[in-house]
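Chains as they are written, first to last, in the working numbering: chain C, 5 to 201; chain P, 36 to 522.
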């Protein structure tokens, strides 16, 4: 059964049977922190774009500072680069591509002034310090950081970030998982209708 | 050139509802929609940018601090809304802005709106969530309020037999969440209305007693269609955009078009709950997590509802802790913090309240819509008030409120309103109480742009009811009998 058939079945009367069959397993997975749940597939996987020219290393270091990957994270887990977050900066459908050179220049400029080296030469704590300063000077950069985080944690190009935080991804519904709802009234209500008069 | 009785621009709540009501009177209706025609089989459980860009249009403010987005596709925002359909409290309709101006027309009260709310509820089959429908995150907020002796109410939704998959805002792939493509639109088509996808309207031109609508068809060829009346329902950013692009042909356009942009008082934040309330499982259940509290309405004119959201919602916010961890939303500590807390101890919430609309929509030299939503002192004070309420709830429960950083408050991204607002004052409001653009007989606004101020709750229901109200006028009255528009 492929995913399309899976979803189609979910919309039909077969749903209850499917859910009953898998709910037990999901409940166990829930107890285990969802670590074992597979992804149906990565969200619309695509190729990672790479920048051209000498800004490549600077932008890559920038991404690896916003969401550190194996090169920086002692735990060795995936980061923004592995999540293809560079696409955010280079894909023309986002407003960052035309600023990529500017971003790199700004980071190198602040790095030189504050720490006496280029951005890529700095250690992680210093790079983080440079980014904090840079985003105050370039509001566009703050938005770019937000987009990079969103791409990693939201699975914009692949699922490495989703898996990292334990997000189970596509599913047939959690209705039959006991932990999904308290199922009973847990609070007094102010209205009889759900809305105020 | 095609000639019709009415052309409607946009097929969300503001467009689909007049389409049905007018088609049933026998008028010829063409509805132009920039997005695609999507059905359940097109919806995928995918927060990725490619899938999302098919469903949403996103705009960035001029200072890059605010993102606003709304849905596109036949059915507009209803395809991807979180589906809370709540009537606005009475006080919304008597709200006065900083100048003492009553933003809603005196004739449009909650009592006057109730019949139209009821029509929408009937067409869309809106029901109240049961406690079993309330996701865990919603139940946790309700428990927190209950411990304080406060109340939380189960919300109303056009959702039946929900599977609680957590992907409402990707479009429900199971067909359990009712969108306009399941009720108003097929009924309008059955009555003869045509909905045309992938058609982007550029501007309007007066044309003898009617209007020409200039649009780009799916092959990017510019075309014109002509109608006696034009109903604009392209959203609170594109509706004024269309009018502002029309200025060469409408030199006397009302000067308030594009002004008063209101973000509905949306303030997003996160809760980090203590172990005795964990786990939160914020990915389980409907995205609008089942309950809303009116406990702070009387004193602050604020409502709060919890969300069940994807990790991107958490991580994209510039979250910081007032207690120091995470100190800023990037780097190793933030990455580890989200991993360690997302699934078990965090859930997002949205406060909605009454604020003045102080933003502006313009178009640049290429006709592209721009907006500005400054963080004014008044807005800052409001956001601090919301934070104070949030902190009060958190501290009473051993939880923590995670705010958004510095002056870069997360303004909320889904509820822009009021850029072509209705109102009694001809100088302050571009549209008459019946939605007609002042000075431009035969042009009406029926979407969120016409809603004159914050709605206190999620605005979809009030936008829909207001569209019903204006559609009732349009269905029974022709342009010649509307002298108010020429005032």
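C-beta: ideal position from N, C-alpha, C; glycine also.
message: Tell me the rounded alpha-carbon separation between residue 247 of chain P and residue 474 of chain P.
response: 17 Å
query: Got a sec: which bits of the region 148-175 of chain C sit with their beta carbon under 8 Å from any beta carbon on chain P, in order along the chain?
result: 149, 150, 151, 153, 154, 155, 156, 157, 158, 159, 160, 161, 165, 166, 168, 169, 170, 171, 172, 173, 174 and 175
message: Just to confirm, is the Cβ distance from residue 286 of chain P to residue 396 of chain P under 8 Å?
response: no
message: Below 8 Å on the Cβ atoms is my contact criterion, and I expect residue 302 of chain P with residue 169 of chain P to pass it. Report the Cβ-Cβ distance as a whole number of Å.
response: About 22 Å separates the two Cβ atoms, so there is no contact after all.
message: Distance cutoff 8 Å, beta carbons only. Does residue 80 of chain P sit that close to anything in chain C?
response: yes
task: With DSSP as the reference, label residue 169 of chain C as helix, strand or coil.
output: helix
query: Which of the three DSSP states, helix, strand or coil, is assigned to residue 91 of chain C?
result: helix
task: List the endpoints of the continuous alpha helix (DSSP H) containing residue 501 of chain P.
output: 495-511
message: Check whether chain P comes within 8 Å of residue 88 of chain C, counting only Cβ atoms and requiring the distance to be less than that.
response: no
message: Taking 8 Å as the threshold (beta carbon to beta carbon), is residue 132 of chain C in contact with chain P?
response: yes
Three-state secondary structure (DSSP) of residue 486 of chain P: coil
message: In the DSSP assignment, the beta strand (DSSP E) including residue 261 of chain P goes from what residue to what residue?
response: 257-267
message: In this structure, how does DSSP classify residue 97 of chain C when only helix, strand and coil are distinguished?
response: coil
message: Which residue wins for smallest C-alpha separation from residue 196 of chain C, given the options P/191, P/56 and P/215?
response: P/191
Residue 506 of chain P classed as buried or exposed, judged by whether at least 16 other C-beta atoms fall within 10 angstroms: buried
- prompt: Can you name, in chain order, every residue of its own chain whose Cβ lies under 7 Å from the Cβ of residue 477 of chain P, other than the five neighbours on each side?
  reply: 245, 246, 263, 264, 265 and 514
- request: Starting from the beta carbon of residue 377 of chain P, find every residue of chain C whose beta carbon is closer than 9 Å, and list them in chain order.
  value: 157, 169, 170 and 171
- request: Would you tell me roughly how many angstroms separate the C-alpha atoms of residue 36 of chain C and residue 79 of chain C, rounded to the nearest one?
  value: Low confidence applies here, because residue 36 of chain C scores a pLDDT of 38, under 50, leaving its location unreliable and the question unanswered by this model.
Supposed contact pair residue 172 of chain P and residue 315 of chain P - C-beta distance, whole angstroms, cut 8 Å: 5 Å
query: Helix, strand or coil: which one does DSSP assign to residue 196 of chain C?
result: coil
task: Assign residue 169 of chain C to one of two classes, buried (16 or more other C-beta atoms within 10 Å of its C-beta) or exposed (fewer than that).
output: buried
field: Unbroken alpha helix (DSSP H) run spanning residue 427 of chain P, endpoints
entry: 412-431
- prompt: From residue 55 of chain P to residue 157 of chain P, what distance separates their C-alpha atoms?
  reply: 14 Å
- request: With a cut-off of 8 Å on the beta carbons, I'd call residue 72 of chain P and residue 109 of chain P a contact; round off their distance for me.
  value: 4 Å
- prompt: Within 8 Å (strictly less), CB to CB, does residue 101 of chain C reach chain P?
  reply: no
message: Quick check on DSSP: helix, strand or coil for residue 370 of chain P?
response: helix
field: Element boundaries [beta strand (DSSP E), containing residue 64 of chain P]
entry: 64-67
message: So, does the region 120-137 of chain P touch the region 479-491 of chain P, judging by three or more C-beta pairs under 8 Å?
response: yes
Run of the alpha helix (DSSP H) containing residue 42 of chain P, from where it starts to where it stops: Unbroken run through residue 42 of chain P is the beta strand (DSSP E), 37-44; no alpha helix (DSSP H).
Within-8 Å CB hit, residue 125 of chain C to chain P: no
Cβ-based burial, residue 238 of chain P [other Cβ within 10 Å; buried from 16]: buried
- request: Please check if any C-beta of chain P sits within less than 8 Å of the C-beta of residue 63 of chain C.
  value: no
message: Under 8 Å, Cβ to Cβ, is there at least one residue of chain C near residue 335 of chain P?
response: no
- request: Go through its chain and collect everything with a Cβ distance to residue 251 of chain P's Cβ below 6 Å, but skip five positions before and after it.
  value: 235 and 257
task: Throw me the rounded Cβ distance for the residue 94 of chain C and residue 104 of chain C pair, which I believe falls under 8 Å.
output: 7 Å
message: Can you confirm whether residue 143 of chain C, when its beta carbon is compared against all beta carbons of chain P, has any partner nearer than 8 Å?
response: yes
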